[in-house]
Every structure is written in C-alpha cells, then in structure tokens.
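K.L.:
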Amino acid sequence: MTEAKHPSSAGLTLRLAERAARLRWEDLPDDIGLLARQCVLDWAAVTVAGAREPLTRMLVDEVREEASRPQATVVGHGFEASVLQAALVNGAASHALDYDDVNIAFTGHPTVAVVGALLALAQARGASGRQFVAAFVAGCETICRIGLLVAPGHYERGFHSTATIGTFGAATACAHLLGADAATLATALGIAGTQAAGLKSQFGTMCKPLHAGKACANGLLAARLAQRGFTARTDVLECAQGFAATQSDDFHPEAALAEPPGGYHLRGNLFKYHAACYGTHAAIEAARRLRRAHRLDDDAIRGVTVRVDPASDKVCNIGDPRTGLESKFSLRQTVAMALAGVDTAGLESYSDANAVAPRLVALREKIRIDLAGGRGFSITESEVEVEIAGGARHLQRHDAGVPASDLREQGRLLEAKFTSLASPALGAARAREVLERVQRLDGLRDVGEFARLLG
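Take the sequence shown: its letter number 187 is residue 472 in the working numbering, and every next letter is one higher.
1) Hey, how far is the Cα of T287 from the Cα of R410?
2) Which same chain residues, not among the five before or five after V471, have their C-beta less than 7 Å away from its C-beta?
3) Output the distance between the C-alpha atoms of L610 and K493, rounded to the nearest integer angstrom.
4) Within a Cβ cutoff of 8 Å, which residues of the same chain sit near V723, ignoring the five residues on either side of it in sequence?
5) Is it buried or exposed for P339, if we count other Cβ within 10 angstroms and need 16 for buried?
6) Are there 16 or more other CB atoms within 10 angstroms of the CB of K703, so buried, or fewer, so exposed?
7) In the DSSP output, what is Q681 paired with across the bridge?
8) Decide if L344 is buried, meaning its Cβ has at least 16 other Cβ atoms within 10 Å, or exposed.
9) Tell me which residues share the same chain as Q526 and place their Cβ nearer than 6 Å to its Cβ, disregarding the 5 neighbours each side in the sequence.
10) Suppose you measure from the CA of P314 to the CA of G376; what does that come to, to the nearest Å?
11) Using the beta-carbon count (16 or more within 10 Å), is F417 buried or exposed?
12) Going along the chain, which residues of its own chain have a beta-carbon closer than 6 Å to the beta-carbon of P355, five neighbours each way excluded?
13) Can you give me the C-alpha to C-alpha distance between Q532 and I586, rounded to a whole angstrom?
14) Closest by CA to G489, which one among V374, T608, D316?
15) Measure from the alpha carbon of W310 to the alpha carbon of each residue in G728, D584, Q370, then state which is nearest.
16) Since L484 and G443 should fall inside the 8 Å C-beta cutoff, what is the C-beta to C-beta distance between them, to a whole number of angstroms?
17) Keeping to the same chain, check which residues put their C-beta closer than 7 Å to that of D684; ignore five residues upstream and five downstream.
18) Can you have a look at K513 and say buried or exposed, based on whether 16 or more other CB atoms are within 10 angstroms of its CB?
19) Check whether the Cβ atoms of C459 and A502 lie closer than 8 Å to each other.
20) Hey, would you say L698 sits closer than 8 Å to Y558, going by beta carbons?
21) Measuring alpha carbon to alpha carbon, tell me which residue in D582, A448, Q681 is nearest G478.
22) Can you tell me the Cα-Cα spacing of E700 and T427, whole angstroms?
23) Under a Cβ-count criterion, where at least 16 other Cβ atoms within 10 Å of its own Cβ denotes burial, should T469 be classed as buried or exposed?
24) Sort out for me which residues DSSP pairs N388 with in a bridge.
25) What ranges does the beta strand (DSSP E) occupy inside the segment 680-733, keeping only unbroken runs of at least 3 residues that lie completely in it?
26) Suppose contacts are defined by Cβ-Cβ distances below 8 Å. Is G686 in contact with I389 by that definition?
27) Can Q408 and V732 be called in contact, C-beta distance under 8 Å?
28) Output needed for S367: all residues of its chain with C-beta closer than 7 Å, excluding positions within five of it in sequence on either side, in chain order.
29) What does the Cβ neighbour count give for L624, buried or exposed, with the cut at 16 atoms within 10 Å?
30) Per DSSP, what are the beta-bridge partners of N503 in this structure?
31) Please check the pair H496 and H445, which I expect to be a contact at CB under 8 Å, by giving their CB distance rounded to whole angstroms.
32) Find out if the Cβ-Cβ distance for the pair A640, S597 is shorter than 8 Å.
33) How should D628 be labelled, buried or exposed, when 16 other C-beta atoms within 10 angstroms of its C-beta is the threshold for buried?
34) Here's the rule I'm using: 16 or more other beta-carbon atoms within 10 Å means buried, otherwise exposed. How should G631 be labelled?
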C-alpha cells in the first residue's frame, strides 16, 4: 500500500516543502528576525555551558578518535571537526542541560534540533547571516507544522518529538541553506523521515540530549544526500506506512497547513529561566510565589498538592530522583527546590548531591502529585496547594505556556541568561563578542565568524 493515509492529505509533504523553499529573509517581519536572533543567543548560551557536561565530553572523545576533516567548530572544545560530527556534538551539547527553548505546537525543543546542523553547514559554506536566519525560520516552521500533523498521539505514544520531528526541521533548514527547490526539499524530508527516532523512555539519561544531536546530524545528512540526487519518498509524511501512519494515531493535515496566529509558529517559542524540563516550570513558578507571598518555612509545611496535566506523568514525574539529571524531570524535586528557596535557574542546583540532600528529600516527601486533579490543564499549567501548620491552605495557579509580549524585556532576560552561562566558559570579553555578533547576525557576511567565537 502506497496511497495517502487520507485523501485530503495528498501532496502534503510537497506542500510543506514548497512553503519552506519559498521563504526569504526579505519577507520576514521585524519581530520574527528578532525572535530568531533571541533563539540563537539562547542556543549559544546553553551550548557553551552544555559543552562541559560529561555526555558532551564523551562525544568529543569519539569525534577526536575519528580525526575527521576540520570544517566546523565544536563548541567549547577549541577544535573543528567534519560538518556532520560538529552537528552531532553541538546538537547534543545544546540539549545537555535541558535549558533550551520549547514550542508547544510540537511539544519539543525546536532550536536545538536545527542550529547544531545549520551552523555547522553555514560555517563550512561561508553562508551569510541572512541566509542562516531564513533557513532557521524555515526549519522551525516546518517542525511546528509537522508537530501539529501528528499531535497529540505521536508524543503520547512515547516518541520524543525533538528527536523525531526535529530531524525534519534540521533537514529543512539545511536544504534551504543549500538552495534546494521544493522537489529536492521534499526528498530531504523523505530521507529525514526514515531516520527519525527517539524515545521518551530515555528522559533523565544522556540519551535525551543525544536525541537532539542525532536530529541535527541526521537532518543535515538528509539535506546533503538529497542535494546529491539521493532518492526517497516525497510523500513520507502522508503515505501508507509513512511517518504519520507508523508513529501516531492522530493525523491532522488541515492543522499542518493552517496559518498560525500572526503567520509564524516561531512567535509561540517559550524560553526557559529554570534549568529543568519545561513541564515543571508552571509548578516551580507557583511554588515560588507561594513561598514569597506567605513566607513559608519548611517545618510549617504539612503537605503540598501539585495538580498537573496527566500527560506530565510520562514526562516529568520521576518521584524520587537519585541524580541531578533525574531531578530535572521530577515535579516533586523541583517544587521542593522552589519551596526551599533553591535557585532553580542555577546549573549547580541540579547536582547529584542536591537530589539526595536531606532537607530537599524531607520536603519532597510532603509533596503529592495529583494527576486526576489536573484534568483539563495543558502540559504548561499547574496548581500548587500548600497546607501549613494550623490547617490553613494557600493556593496558586500558573500557566507557563504564554509567550512573552514584550520582546525587548525578553531580550534583556536572555542576555542576562547568556552572560551567566557563557562568561564562565568563554570569559567575559569573548562572551561580549558573541553577544555582539548575535545582535547583528543578519548583517554578518560570513556566519562563521560567530561560530568560531564559540570554540
């Protein structure tokens, strides 16, 4: 069987490829250009910091053993590797801290699935900042459209969308940078589709960041092979036994093709200011507000109920984390940290020692996750109720799924985040140089000057 999964979806892959292929920098609204630069700055921050993580060092060791042709910067390690290997390592490093942006349209992390591949290719080819930005937007928009195509079944079935759908985004961005026409771009999507893989069961392990690295490397490979004339299905999204048919019970071609509010899904990107899974952020914010408003003391807290979307159970509900990495996917641990006044933005807060710290464990034991009570919530919403000695109860609800309306203020927050993460690794002077390059990214004749500063 090779026919389309649904008659209305005929030509869907090609139509998405056509949309991406015709996107031009000159047509981008000013706020989309600004958002793209903010995404790149956030990526640089988390990648430079993530380059120090053990999982990144292991990948670097693998790459050094291969001694490949130096073409693209391996962030934070002072050397260059082949384009594919740089994409793999930098993609994984960017997701190592789980501190990168998200977009609910595909329930995943768009920027880390794209930039690791795109920057490596752009550096090797001497591409301009404008070419880079246009390709980035094309990749992110395609990710979100494919996410809507298979939502919510794809993610609910256990696939990590950053890995699977992210591969299509990297392929789109890289093919766009290579100047692919719609037919070639559709072929790149076909090659990407047969490589798309990644399991949510790996959350809390080094494999989750590896997913982003593989999305980058596999998507980049798909684009380059398509440009060489490699063949693949050009209806991979909609055909029988294709991506949607095998990886989701849901199939919504009309959602994939619909225009989002304002014309761009990038406007829905959400940035992280807590270094944990985004599914914990609403609960963290609610707990922090309760602590400040009522001056909560550990001993006075008798019990805490956290109401969340039942989908959180398979995403960020590790009940008793034993490592810092597991803590990032634990509602109980992150809420305990917030109630205790621990800095949830600080990387050092997610240490193995903190995961088993007596004070945090004692608070954690008072916290109950109520999945039934969160029915009707989205994955970005949470309600935290604290009972204190004497029987008084305090309630706070928060939705972390609302994009910032003030992009200038968001920019200031992201610059502060960048400085705090990048300066210890690069030094203050070079961090300022990186920031300056990102601020004028659209005007760079060669995006490689930005990439090389990250080495």
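Beta carbons are placed, not taken as given, at the ideal position from N, Cα and C, and that holds for glycine.
P.N.:
In brief:
1) Below a pLDDT of 50, predicted positions are generally treated as unreliable, and T287, at 47, falls in that range; the measurement from the model is reported next regardless. Looking at the two C-alpha atoms, the distance is approximately 37 Å.
2) Residue 471 is actually Ala in this sequence, not Val. These residues qualify, in order along the chain: T298, L299, A302, T519.
3) 10 Å
4) R322, V325, L326, A329, F735
5) exposed
6) It is Phe, not Lys, that sits at residue 703 in the sequence shown. Burial call: buried.
7) V669
8) buried
9) none
10) 27 Å
11) buried
12) E365
13) 44 Å
14) T608
15) G728
16) 6 Å
17) A567, T665, E666
18) Sequence inspection shows Arg at residue 513; the Lys mentioned does not correspond to that position. Result: exposed.
19) no
20) yes
21) A448
22) 27 Å
23) buried
24) G393
25) none
26) yes
27) yes
28) S353, R354, Q356
29) buried
30) Note: N503 sits in no beta bridge, so no partner.
31) 5 Å
32) no
33) exposed
34) exposed
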